[in-house]
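There are 2 protein chains.
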Amino acid sequence: MRISDLARESGVSVATVKYYLREGLLPPGRLTATTQAQYGDEHVERLRLVRALLGPAGLSIAQVRRVLALVDEDRDVTFDLLGAVQHATADATTAADLAPALALVERAGWRIRPDSPEIAQLAAALAALGDAGFAIPERNLEAYLETSRIIADAEIANIPGDDPREALRYTVLGTILVEPLLLALRRLAQQDAALRRFGVTGPDRPRPAE
Amino acid sequence: MRISDLARESGVSVATVKYYLREGLLPPGRLTATTQAQYGDEHVERLRLVRALLGPAGLSIAQVRRVLALVDEDRDVTFDLLGAVQHATADATTAADLAPALALVERAGWRIRPDSPEIAQLAAALAALGDAGFAIPERNLEAYLETSRIIADAEIANIPGDDPREALRYTVLGTILVEPLLLALRRLAQQDAALRRFGVTGPDRPRPAE
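Top to bottom, those sequences are chains S and H.
First residue of the first sequence? That's 1 in this note's numbering, and the numbers climb one at a time after it.
First residue of the second sequence? That's 211 in this note's numbering, and the numbers climb one at a time after it.
So, in structure tokens, the structure goes:
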């Protein structure tokens with residue numbers, strides 16, 4: 001198909017397709033004339049993936065490029081791969097003290113890569129909570145550690161064992177694209193829990209007289 | 211203290227303090243001369259909070275302004291407040307189909323506000339997963355719903371019941387500032403789970419000969 005067909009098929013503009021081509025997020029088409037190229041189903045699929053990564057997952061162009069390089073690699077899923085996924089999408093490092101983050105991981109009993117960017121991310125999150133004067137109640141912290149373990153165990157157990165390419169896609173995309181899903185689910189579950197504890201004083205019900 | 215002391219005390223530049231003042235993220239100081247103002251401990255505290263919200267939580271200036279307005283309001287914590295927090299920090303709406311998100315909430319059995327921006331957020335996340343060709347395994351989805359419930363129950367149960375101002379701060383900040391913490395914990399727990407399933411093939415151990 002021509003670039004205009006590829007754009008229409010994927011629901012983006014031709015200018016966007018050209019931008020992704022320039023940025024290397026989309027492989028070039030097969031040249032059929034000096035100024036004309038043909039694109040295939042693999043381009044449609046790749047374009048959808050790029051949109052997904054740039055969308056709710058909120059990655060930058062540079063991060064998407066790194067993630068695509070991982071998806072395209074021919075490697076087995078290992079502990080090592082997970083580190084690579086995490087490095088590819090890590091935010092800038094932090095100046096926060098790492099000790100509280102390392103202590104929390106030790107408390108959880110997790111074995112991790114000592115150079116994990118997530119340690120810096122965790123340290124920055126803990127520092128921000130401290131700066132805001134917010135102390136996490138012990139029971140909440142316990143719930144965070146326990147639920148992280150439950151989620152990770154299910155996710156890693158379900159990495160497909162028989163197809164290395166599928167396993168790679170699952171690991172890379174599952175790590176990144178599930179994050180906005182989890183944040184939305186937590187907030188929705190909070191609504192239900194708040195409704196059970198406080199009852200409704202929402203805009204659609206009469207408020208008590210003041 | 212003077213603006214230079216406030217900046218030093220908070221670890222930011224005077225230019226940054228002035229920027230926050232202009233943007234209304236920091237209340238003006240007490241004027242002691244036409245061009246000189248005095249600042250107090252409440253400014254130091256507010257500045258720390260602003261940094262925390264703009265930092266790992268990744269809010270925009272406009273979102274921080276809305277969150278601070280909530281923290282400063284004199285209102286009780288209710289189901290309604292939680293909706294306000296969520297609205298204050300919601301991302302732009304999505305064009306994604308809301309039906310799969312609503313079906314997932316119904317499956318979880320949660321009662322939510324039908325106008326929740328999180329429904330759009332959840333719908334966008336599900337659409338991105340679909341676009342990427344990623345099907346969430348049933349066991350994982352079950353874990354996401356169950357752990358969201360555990361977390362939300364602990365968090366809502368621990369909202370302080372005796373001090374309305376403290377309850378307000380807890381709800382607003384706990385919702386927002388804990389998000390980067392949860393994402394970091396999940397990734398660290400994944401490392402531990404991957405290590406248990408796949409063993410180490412990390413850069414610090416000898417790789418098998420190729």
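Ideal Cβ positions, reconstructed from N, Cα and C, are used throughout, including at glycine.
All of these numbers come straight from a predicted model, not from anything done at the bench.
Asked, Found
"C-beta neighbour in chain H for P180 (chain S), strict 7 Å", "yes"
"Where the region 60-72 of chain S meets chain H: residues whose CB sits under 9 Å from a CB there", "none"
"Sub-7 Å separation of A184 (chain S) and A335 (chain H) beta-carbons", "yes"
"Residue ranges of each alpha helix (DSSP H) within the region 308-337 of chain H, 4 or longer", "309-318"
"A243 (chain H) - DSSP class collapsed to helix/strand/coil", "strand"
"Short CB-CB distance (under 7 Å) between G250 (chain H) and chain S", "no"
"Contact with chain H by I151 (chain S), beta-carbon distance below 7 Å", "yes"
"Between the CA atoms of A33 (chain S) and I151 (chain S) - distance to the nearest angstrom", "51 Å"
"Span separating the alpha-carbon of E73 (chain S) from that of G83 (chain S)", "15 Å"
"Through-space distance from L314 (chain H) to I3 (chain S), alpha-carbon basis", "37 Å"
"7 Å Cβ cutoff met for A57 (chain S) and I176 (chain S)", "yes"
"Interfacial residues, the region 393-405 of chain H to chain S, with Cβ spacing under 9 Å", "L393, A394, L395, R396, R397, L398, A399, Q400, Q401, D402, A403, A404, L405"
"The region 224-238 of chain H contacting the region 328-342 of chain H, beta-carbon criterion three pairs below 8 Å", "no"
"C-beta neighbour in chain H for R111 (chain S), strict 7 Å", "yes"
"Residue range of the alpha helix (DSSP H) that includes N368 (chain H)", "Premise fails: N368 (chain H) is in no alpha helix (DSSP H) and is neither H nor E."
"Whether L173 (chain S) touches A342 (chain H) by CB criterion (7 Å)", "yes"
"Endpoints, the alpha helix (DSSP H) within which Y39 (chain S) is located", "Careful: Y39 (chain S) lies outside any alpha helix (DSSP H) and carries neither H nor E."
"Between the CA atoms of I322 (chain H) and A300 (chain H) - distance to the nearest angstrom", "16 Å"
"Cβ of S148 (chain S) within 7 Å of any chain H Cβ", "yes"
"Among S:L195, S:Y20, S:L181, S:A62, the one whose alpha carbon lies nearest that of A311 (chain H)", "S:L181"
"Separation of R22 (chain S) from A194 (chain S), as counted between CA atoms", "48 Å"
"Contact list for R139 (chain S) against chain H, beta-carbon separation under 7 Å", "A364, N368"
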